[in-house]
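**Student:**
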Amino acid sequence: MIYLDNAATTPMLADAVGVYQKYACQSFYNPSAGYREAQDIAKQIKEAKERLLVKLGATCGDIIYTSGATESNNLAIMGSRRNGKWEYVFSVGEHPSVYNVAKELEMQGFKVHFVGLSSTGEINYEMLASVVNEKTRLVSVMHISNETGAVNDIQRIVGVIKDKARNALIHVDGVQAFCKVPICLNAFDVDFYTISAHKFHGPKGVGALYVKNQKLLKNIVFGGGQENGLRSGTENVAGIMAMDYVANQIDILSNYNKVQALKACMVKILSENKNVNIFESKSPYILSVGFKGVNGETLMRALQDQGVIVGMGSACSAKKSGNRILESIGFSKEDVKQRIRISFNSFLSEQEVAQAGKTILKVYNEIWEKVK
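Following my numbering, the numbering of the sequence shown begins with 39 at its first residue and continues without gaps.
Structural data, given as structure tokens:
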């Protein structure tokens, strides 16, 4: 089986399983307890946070551990919410864990602006500039699109926002970027940045939110006051330490170059068929591909029978009709139906990718001959 849906989730790094087991079965203590063994775990979590800040390129700020990206995104947005006539800005290309929070804010009576995408899949920077103003409380924009691999220029976005609303908070969903592209939060100068372990070969059920200034955030979960009072609940120690281990094993530049070659290999093979429409994007990890006349879901299921697994876009929206992100770029509803998402990881070989590409074309041609 050749797995090409890594934007949905990735296989856990084998060595990280041993780390997880250690902290689940041997060093299992609750870091909030007062005895020596537990306090040693609390110290190790603190050290893991310091390493994560380094990996994020941040010399200031704090890390709040969460259950994953959905919770981190909710904490950043709802935790920074304040009473008053504040306005909020989101791109229409956001993951459901951001987009649906935006809709909730709208239902609560806040003024919410949705900024469209350009033909490249990036946020429309001019439209962003037109809606940000002194009443803007928070702007939330993803770093890399989970649907298309489009990369937003975070520094440009920050410049636009600060020019129009100096005190606006900035949240970036970095789920498809962390441990895949170099990140320097010192240069980005954002207030919040979201990561999720299972997107970079860590365990499911654990993630983190970078917070530049904790005074600007309020908790949305109430309890024992863990994570500086911003995320109550006993820490997922095994998940945290396994995530920490994986993040510090990854060579971002080496992996980037390898995956770039894998994507180029796939594009070269699929481009042999004139009925294949490839959406060009900057991230080497994600490829959106359309197949004329064939439903993407039909192709996906047929490929699974041939040992190749691909995706249909965000796993959180896979059962919903339409695709607001692809449609906002300019694809028709018919085009959207004919697309699949191919996403890579650095453990794949070029031979596997080439085999998968040839299988995709073979299966597509077989279906096309039946339906044309």
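From the three backbone atoms N, C-alpha and C, an ideal C-beta is built for every residue, glycine too.
Measuring alpha carbon to alpha carbon, tell me which residue in Lys-202, Thr-174, Ala-76 and Asp-78 is nearest Ser-118.
**Tutor:** Locating residue 118 in the sequence shown gives position 80, where the first residue counts as 1. The shortest C-alpha separation from Ser-118 is found at Thr-174.
**Student:** Can you tell which of Val-213, Val-170 and Gln-59 has the C-alpha that lies nearest to the C-alpha of Lys-187?
**Tutor:** Taking the sequence shown and counting its residues from 1, one reaches residue 187 at position 149. The amino acid occupying residue 187 in the given sequence is Gly; Lys does not appear at that position. Answer by Cα proximity: Val-213.
**Student:** Whose C-beta lies closer than 6 Å to the C-beta of Tyr-61 among residues of the same chain, with five residues either side of it excluded?
**Tutor:** By 1-based counting over the sequence shown, the position of residue 61 is 23. Correct list, in chain order: Val-275, Ala-276 and Met-279.
**Student:** Select from Ala-225, Cys-217, Leu-223 and Phe-226 the residue whose C-alpha is nearest the C-alpha of Gly-245.
**Tutor:** Looking up residue 245 in the sequence shown gives position 207. The shortest Cα separation from Gly-245 among Ala-225, Cys-217, Leu-223 and Phe-226 belongs to Cys-217.
**Student:** Given Met-50, which residues of its chain have a CB within under 7 Å of its CB, disregarding the five upstream and five downstream residues?
**Tutor:** Reading the sequence shown from its first residue, position 12 is the one you call residue 50. Here the set comprises His-239, Gly-240 and Pro-241.
**Student:** Please state whether the Cβ-Cβ distance between Ile-347 and Glu-185 is less than 8 Å.
**Tutor:** By one-based count along the sequence shown, residue 347 stands at place 309. By one-based count along the sequence shown, residue 185 stands at place 147. No; because the gap between Cβ atoms is not below 8 Å, this pair is not in contact.
**Student:** Got a sec, what are the start and stop residues for the beta strand (DSSP E) Ile-40 sits in?
**Tutor:** Taking the first residue of the sequence shown as position 1, residue 40 is located at position 2. Start and end: 40-42.
**Student:** Spatial neighbours of Gln-344 within its chain, please: C-beta separation below 7 Å, excluding the five flanking residues on both sides.
**Tutor:** Within the sequence shown, the letter at position 306 stands for residue 344. Cβ within range, chain order: Thr-397 and Val-401.
**Student:** Taking the alpha carbon of Lys-256 as the point to measure from, which residue in Gln-264, Leu-268, Lys-250 and Ala-235 has its own alpha carbon closest?
**Tutor:** Your numbering for residue 256 matches position 218 in the sequence shown. Ranking Gln-264, Leu-268, Lys-250 and Ala-235 by Cα distance to Lys-256 puts Leu-268 first.
**Student:** Can you tell me which of the three DSSP states Leu-268 falls into?
**Tutor:** Here residue 268 refers to the residue found at position 230 when the sequence shown is read from its first residue. DSSP places Leu-268 outside both helix and strand once states are collapsed to three, so it counts as coil.
**Student:** According to DSSP, which residues form a beta bridge with Glu-310?
**Tutor:** In the sequence shown, counting from the first residue as 1, residue 310 sits at position 272. Residue pairing from DSSP leaves Glu-310 without any beta-bridge partner.
**Student:** Taking only the alpha-carbon atoms, compute the straight-line gap between Ala-52 and Gly-72 and give it to the nearest angstrom.
**Tutor:** Taking the first residue of the sequence shown as 1, we reach residue 52 at position 14. Taking the first residue of the sequence shown as 1, we reach residue 72 at position 34. So the alpha carbons of these two residues sit roughly 33 Å apart.
**Student:** Under the three-state reduction of DSSP, which class applies to Glu-335: helix, strand or coil?
**Tutor:** Mapped onto the sequence shown, residue 335 falls at position 297. Secondary structure at Glu-335: helix, using DSSP grouped into helix, strand and coil.
**Student:** Quick check on DSSP: helix, strand or coil for Asp-423?
**Tutor:** In the structure as shown, the chain begins at 39 and stops at 410. Residue 423 is therefore absent and cannot be evaluated.
**Student:** When the distance is taken between beta carbons, is Val-391 closer than 8 Å to Met-304?
**Tutor:** Start at 1 with the first residue of the sequence shown, and residue 304 comes out as number 266. Start at 1 with the first residue of the sequence shown, and residue 391 comes out as number 353. A contact, by the Cβ cut-off of 8 Å.
**Student:** Which whole runs of the beta strand (DSSP E) in the stretch 220-302 are 3 residues long or more, in chain order?
**Tutor:** If only complete runs of 3 or more residues are kept, the stretch 220-302 shows the beta strand (DSSP E) at 230-234 and 245-249, in order along the chain.
**Student:** Note down the Cα distance separating Glu-365 from Gly-263, rounded to an integer number of angstroms.
**Tutor:** To locate residue 365, count along the sequence shown from 1; it is residue 327. To locate residue 263, count along the sequence shown from 1; it is residue 225. Looking at the two C-alpha atoms, the distance is approximately 43 Å.
**Student:** In its own chain, which residues sit with a C-beta less than 7 Å from the C-beta of Thr-104, not counting the 5 before and 5 after it?
**Tutor:** On the sequence shown, residue 104 is found 66 positions in, with the first residue counted as 1. Counting only Cβ-Cβ distances below 7 Å, and skipping sequence neighbours, we find Ser-110, Leu-113, Gly-245, Ala-246, Leu-247 and Arg-269.
**Student:** Taking all protein chains shown into account, do 16 or more other C-beta atoms lie within 10 angstroms of the C-beta of Arg-379, making it buried, or fewer, making it exposed?
**Tutor:** For the purposes of this step, residue 379 is identified with residue 341 of the sequence shown, where counting begins at 1. Per the 10 Å Cβ criterion, buried.
**Student:** Whole angstroms are fine: how far does the CA of Gly-154 sit from the CA of Val-139?
**Tutor:** Residue 139 sits at position 101 when you count from the first residue of the sequence shown. Residue 154 sits at position 116 when you count from the first residue of the sequence shown. Between Val-139 and Gly-154, the C-alpha separation is close to 17 Å.
**Student:** Going straight from the alpha carbon of Gln-59 to that of Asp-282, what length do you get?
**Tutor:** What you label residue 59 is simply residue 21 of the sequence shown in a count that begins at 1. What you label residue 282 is simply residue 244 of the sequence shown in a count that begins at 1. Rounded to the nearest angstrom, the two C-alpha atoms are 14 Å apart.
**Student:** Contact defined as beta carbons within less than 8 Å: I believe Gly-395 pairs with Ile-316. What is the distance between those atoms, to the nearest angstrom?
**Tutor:** Here residue 395 corresponds to residue number 357 of the sequence shown, with the count starting at 1. Here residue 316 corresponds to residue number 278 of the sequence shown, with the count starting at 1. So it is not a contact: roughly 11 Å between Cβ atoms.
**Student:** So, does the stretch 119-139 touch the stretch 215-230, judging by three or more C-beta pairs under 8 Å?
**Tutor:** no
**Student:** Would you check whether the ligand COA has a heavy atom nearer than 7 Å to the C-beta of His-236?
**Tutor:** Inclusion of the ligand COA in the displayed structure is not the case, the ligand content being empty and no account of it being possible.
**Student:** DSSP has Ile-378 in a bridge; who is on the other side?
**Tutor:** Position 340 of the sequence shown holds residue 378. In the DSSP output, where bridge partners are listed per residue, Ile-378 has Val-327.
**Student:** Is the stretch 83-96 touching the stretch 118-127, taking contact as three or more C-beta pairs under 8 Å?
**Tutor:** no
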